[in-house]
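Heads up: the protein sequence lines correspond to chains F and A, in order.
Heads up: the first sequence begins at 0 in numbering that gives the first Met the number 0, then just goes up one per residue.
Heads up: the second sequence begins at 0 in numbering that gives the first Met the number 0, then just goes up one per residue.
Ideal placement from N, C-alpha and C gives every residue a C-beta, glycine not left out.
No experiment lies behind these values; they were computed from the predicted model shown.
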Amino acid sequence: MATRTPTRVPQKSPPSSFFQQPIHPGSAISANDFSVHEIRRILESSDALEKENPFRRADRLARRRVALLFYESSTRTRTSFELAAKGLGADTTLVSSLSSSIEKGESLKDTGITLKALGAECIILRSPYSGAPYLLAQTTGLPILNAGDGMAEHPSQALLDLRTILQFLEIPANKVSEKSLRGVTISIVGDILHSRVARSNALMLPKLGAKVILCGPPALLPETAAAIGPGIIIERDFETALRQSKIVMMLRIQAERLSGLEINLDDYRSRYQANSDRIAAHAPKALIMHPGPIIRGMEITADVADGPQSAIAQQVHNGVPIRMALLVRALVGAKKVGRR
Amino acid sequence: MTPKPILIRNGRLIDPAAGLDAPRDLLLRDGKVAAIENPGKIKAPGADVIEAKSLIVAPGLIDIHVHLREPGQGYKETIATGTAAAAAGGFTTVCAMPNTIPVNDTPEITRWMQSSDRGASIRVFPIAAATRGSLGEALTDYAALKEAGAIAVTDDGRPILGDDIMLESLRAAVKLGLPVIQHAEDTRLTGGCSMNAGPLAFRLGLRGMPIEAESGLVERDIALLKQIPNAHLHVAHLSTAKALDAVRNARNQGLHVTCEVTPHHFALTEDRIGHYDTNAKMNPPLRAESDRVAMIEGLLDGTIDAIATDHAPHAAHEKEQEFDRAPNGITGLETALGLAIRILHVQHNMPLAKVLALLTARPAQALGLKGKGSLAPGAPADIVLFDPAEKWLFRAAASRSKSKNSPFGGWELQGRVRLTISEGRIAYHRA
Ligand SMILES: [Zn+2]
Numbered sequence: 000m001a002t003r004t005p006t007r008v009p010q011k012s013p014p015s016s017f018f019q020q021p022i023h024p025g026s027a028i029s030a031n032d033f034s035v036h037e038i039r040r041i042l043e044s045s046d047a048l049e050k051e052n053p054f055r056r057a058d059r060l061a062r063r064r065v066a067l068l069f070y071e072s073s074t075r076t077r078t079s080f081e082l083a084a085k086g087l088g089a090d091t092t093l094v095s096s097l098s099s100s101i102e103k104g105e106s107l108k109d110t111g112i113t114l115k116a117l118g119a120e121c122i123i124l125r126s127p128y129s130g131a132p133y134l135l136a137q138t139t140g141l142p143i144l145n146a147g148d149g150m151a152e153h154p155s156q157a158l159l160d161l162r163t164i165l166q167f168l169e170i171p172a173n174k175v176s177e178k179s180l181r182g183v184t185i186s187i188v189g190d191i192l193h194s195r196v197a198r199s200n201a202l203m204l205p206k207l208g209a210k211v212i213l214c215g216p217p218a219l220l221p222e223t224a225a226a227i228g229p230g231i232i233i234e235r236d237f238e239t240a241l242r243q244s245k246i247v248m249m250l251r252i253q254a255e256r257l258s259g260l261e262i263n264l265d266d267y268r269s270r271y272q273a274n275s276d277r278i279a280a281h282a283p284k285a286l287i288m289h290p291g292p293i294i295r296g297m298e299i300t301a302d303v304a305d306g307p308q309s310a311i312a313q314q315v316h317n318g319v320p321i322r323m324a325l326l327v328r329a330l331v332g333a334k335k336v337g338r339r
Numbered sequence: 000m001t002p003k004p005i006l007i008r009n010g011r012l013i014d015p016a017a018g019l020d021a022p023r024d025l026l027l028r029d030g031k032v033a034a035i036e037n038p039g040k041i042k043a044p045g046a047d048v049i050e051a052k053s054l055i056v057a058p059g060l061i062d063i064h065v066h067l068r069e070p071g072q073g074y075k076e077t078i079a080t081g082t083a084a085a086a087a088g089g090f091t092t093v094c095a096m097p098n099t100i101p102v103n104d105t106p107e108i109t110r111w112m113q114s115s116d117r118g119a120s121i122r123v124f125p126i127a128a129a130t131r132g133s134l135g136e137a138l139t140d141y142a143a144l145k146e147a148g149a150i151a152v153t154d155d156g157r158p159i160l161g162d163d164i165m166l167e168s169l170r171a172a173v174k175l176g177l178p179v180i181q182h183a184e185d186t187r188l189t190g191g192c193s194m195n196a197g198p199l200a201f202r203l204g205l206r207g208m209p210i211e212a213e214s215g216l217v218e219r220d221i222a223l224l225k226q227i228p229n230a231h232l233h234v235a236h237l238s239t240a241k242a243l244d245a246v247r248n249a250r251n252q253g254l255h256v257t258c259e260v261t262p263h264h265f266a267l268t269e270d271r272i273g274h275y276d277t278n279a280k281m282n283p284p285l286r287a288e289s290d291r292v293a294m295i296e297g298l299l300d301g302t303i304d305a306i307a308t309d310h311a312p313h314a315a316h317e318k319e320q321e322f323d324r325a326p327n328g329i330t331g332l333e334t335a336l337g338l339a340i341r342i343l344h345v346q347h348n349m350p351l352a353k354v355l356a357l358l359t360a361r362p363a364q365a366l367g368l369k370g371k372g373s374l375a376p377g378a379p380a381d382i383v384l385f386d387p388a389e390k391w392l393f394r395a396a397a398s399r400s401k402s403k404n405s406p407f408g409g410w411e412l413q414g415r416v417r418l419t420i421s422e423g424r425i426a427y428h429r430a
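Listed below in structure tokens is the structure:
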């Protein structure tokens, strides 16, 4: 019988019965939450906040209450958010599964409601579950800053990576536009499948005109990865990717998320390790980045991680100003941070 | 006490089993269809008269795949609330899956589910577990289960993976004329998965179930079916084009394979997940647009035997969790008819009689529900009256099910049930 062309059913539908609250516009959950205009604002704001007199700065969120809700361990991201909040004068409280301050068996919704009742005005969430920040945003109505959710996203990391890249290319924040990174190729290398950093960067960088190469073996980088957004291609050969790249982001293999996947680590090292010979031969001028934690001798050798091309310390440094900008955006609003 | 006779007047009677679509009056007496005549012909003094002008009068709908959650999980649904929701959706017969607590693997539980103490407002046919505890190891007692009222066997939700045990099951079932229903999912390929595999799963950072996990098991089952003459395999909630092709081929080879598809698999795609909406999480998962289109084609060309809801109620606190942690399943009894009419009839020009066949005669035939799904005189007085043109907004909060986990809240549906009569008794009436 003849095949009829089906009409597409409208997929747009109102929120489900139980997700009552709209997502607070000050939230930062996905790299796709930001227009280019907003990215520029956040970068400008982070510059202004970084330069500001610390005493004045500590007035900006004086006595505002920020909760850090961490269901996964994290040194770098947690400390960075904490310093950012304290630098702005906010009161912070850390609720972590490791210190077992999260009530046993309590749902994310109930924990969020409890924190809100205690006066939290913004929650910074790290969760092993992809999409958890949306649930927390919809059940509390508070601005939620995503400090990493499962394999999904890590938008503040993408913003601090962007700040690092722009500094390297000497592009000032006020010049950020859809064309800023035109002609710039950025390779993200390694365990893309399990990396929320890779996803957020791959979504954000093409907005500014960059070409993103995802590089890794099929087991850690499925073909479908290229379809997540525009401006993304897949290259299996690390050296081919290196030769095209001004920026190279190395990722670790996330052993804790492999779930039965078998990876031959010697083979992986031989193909995808950033070592000094390989970098000198194929990308002698590229900026080498890594979101951490680093596994030295695995995806990157010590001499490269500590060498002159490495931006690893600068990335960590950029975390605080970016997160200050996100906190101000969440608690004060999106308007430009200026002199008061 | 037997209810009074009911005379339904001036309706448009559609009985797909009889090939009838015409204005007819209908008299119900003693729980059975007593007479069907041209309008004005039936004289029945003392009968309650129901005016059905501009309404369709059809055999009560049949849903061969529901989870009523009793025994064991009455906080999600009970047989009473589940059948009340079914009646509101126009159903007069539902087949209840055995993944209860405990699993329905004994004649005692099978009988318990059918006891009048359960307060069912329509007919419930239990489907019993194919293996003890649905553990896939040892067969249950099919003869005793059939004797107790089970109409098929399945380990729904826990697919039968072992070749030997599947063969044993088919062999035991064919002797009794029972279908073996398979939830076709090779769980060796779906560990930790919560949605369909593909670009969207990658984007959302969720692990995806490959299409082959469904089609591979359907193909395996069909290969096994060839070894056992006359055995009957029924594929539950088929969701992929590839598995549908396997069913089509098997049927062309003369094998007894039947299958069902859910309204959500012809209404929605994985895009409905949006920001990790757990009301779009079910198993099998919502698939890509090409699979959705294939389901509609399969319904149009007749390969698919039945629309079945896989009604799977869950409490709000269970669904209000992170996507990976939330249980699979959505409610479906009150939205099935309105979705089928809106999508199949209005958008794809499927004649109403054919839509109704997929909800009445064909599922009855697929699972051998004798006497059900037709309005011949003498048949059980299972009737639905609905307005095929009425558009209405579905509100999950107003559902008669104990649970409200539907992805169709706020949807405009077409075709609204006015009255449901089950074996001569009014099971649902909307004033
Ligand atoms: Zn199932």
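Take residue i as the anchor and find which of the options has the nearest alpha-carbon.
i: residue 222 of chain F; options: A:238, A:94 and A:201; result: A:201
i: residue 64 of chain A; options: A:310, A:222, A:262 and A:27; result: A:310
i: residue 148 of chain A; options: A:268, A:73 and A:112; result: A:112
i: residue 104 of chain A; options: A:128, A:83 and A:49; result: A:128
i: residue 296 of chain A; options: A:3, A:342 and A:20; result: A:342
i: residue 262 of chain A; options: A:217, A:121, A:412 and A:107; result: A:412
i: residue 47 of chain A; options: A:53, A:34, A:62 and A:28; result: A:28
i: residue 44 of chain A; options: A:61, A:69, A:4 and A:77; result: A:4
i: residue 174 of chain F; options: F:21, F:37 and F:312; result: F:37
i: residue 257 of chain A; options: A:52, A:274, A:292 and A:177; result: A:177
i: residue 380 of chain A; options: A:386, A:387, A:371 and A:166; result: A:371
i: residue 96 of chain F; options: F:121, F:73 and F:166; result: F:73
i: residue 141 of chain A; options: A:70, A:179, A:345 and A:395; result: A:179
What residues match up with residue i in a beta bridge as DSSP calls it?
i: residue 181 of chain A; result: A:234
i: residue 138 of chain A; result: A:130
i: residue 207 of chain A; result: A:194
i: residue 27 of chain A; result: A:5 and A:32
i: residue 46 of chain A; result: According to DSSP, which records beta bridges pairwise, residue 46 of chain A is partnered with nothing at all.
i: residue 153 of chain A; result: A:128 and A:180
i: residue 95 of chain F; result: F:69
i: residue 210 of chain F; result: F:184
Any beta carbon from chain F within less than 8 Å of residue i's own beta carbon?
i: residue 203 of chain A; result: yes
i: residue 320 of chain A; result: yes
i: residue 191 of chain A; result: yes
i: residue 316 of chain A; result: yes
i: residue 286 of chain A; result: no
i: residue 274 of chain A; result: yes
i: residue 187 of chain A; result: no
i: residue 431 of chain A; result: With chain A running from 0 to 430 in the structure shown, residue 431 of chain A is simply not present.
i: residue 420 of chain A; result: no
i: residue 197 of chain A; result: yes
i: residue 160 of chain A; result: no
I'd like to know if residue i contacts chain A, where contact means its C-beta is closer than 8 Å to some C-beta of that chain.
i: residue 143 of chain F; result: no
i: residue 97 of chain F; result: no
i: residue 16 of chain F; result: Note on residue 16 of chain F: pLDDT 42, under 50, position unreliable in the model; the coordinate value appears next. Yes, residue 16 of chain F counts as interfacial toward chain A.
i: residue 287 of chain F; result: no
i: residue 19 of chain F; result: no
i: residue 195 of chain F; result: yes
i: residue 250 of chain F; result: no
i: residue 159 of chain F; result: no
i: residue 198 of chain F; result: yes
i: residue 340 of chain F; result: Since the first residue shown for chain F is 0 and the last is 339, residue 340 of chain F is missing from the structure and cannot be characterised.
i: residue 227 of chain F; result: yes
Checklist entry - So which residues touch the region around ligand 1, with touch meaning a C-beta under 7 Å from any heavy atom? => result Residues with a Cβ closer than 7 Å to any heavy atom of ligand 1, in chain order: A:155, A:156, A:182, A:235, A:236, A:282 and A:309.
Checklist entry - Would you call the segment 17-37 of chain A and the segment 315-332 of chain F touching, i.e. three or more CB-CB distances under 8 Å? => result With a cut-off of 8 Å, the segment 315-332 of chain F and the segment 17-37 of chain A do not count as touching, because too few Cβ pairs lie within range.
Checklist entry - Is the segment 316-325 of chain A touching the segment 281-290 of chain A, taking contact as three or more C-beta pairs under 8 Å? => result Cβ pair count under 8 Å is below three, so no.
Checklist entry - How do the segment 232-247 of chain F and the segment 211-221 of chain F stand: do at least 3 beta-carbon pairs fall below 8 Å, yes or no? => result A contact exists between the segment 232-247 of chain F and the segment 211-221 of chain F.
Next on the checklist: Using 8 Å as the cut-off, can you tell me whether the segment 51-66 of chain F makes contact with the segment 78-94 of chain F, which would need three or more C-beta pairs spanning the two stretches below that distance?
Outcome noted: By the criterion of at least three beta-carbon pairs nearer than 8 Å, the segment 51-66 of chain F is in contact with the segment 78-94 of chain F.
Checklist entry - Below 8 Å, can you find three or more Cβ-Cβ pairs linking the segment 94-101 of chain A to the segment 112-126 of chain A? => result In short, these stretches touch, since the Cβ pair count reaches three.
Checklist entry - Does the segment 154-162 of chain A come close enough to the segment 129-139 of chain A that 3 or more CB-CB pairs lie under 8 Å? => result Enough Cβ pairs lie closer than 8 Å, so yes.
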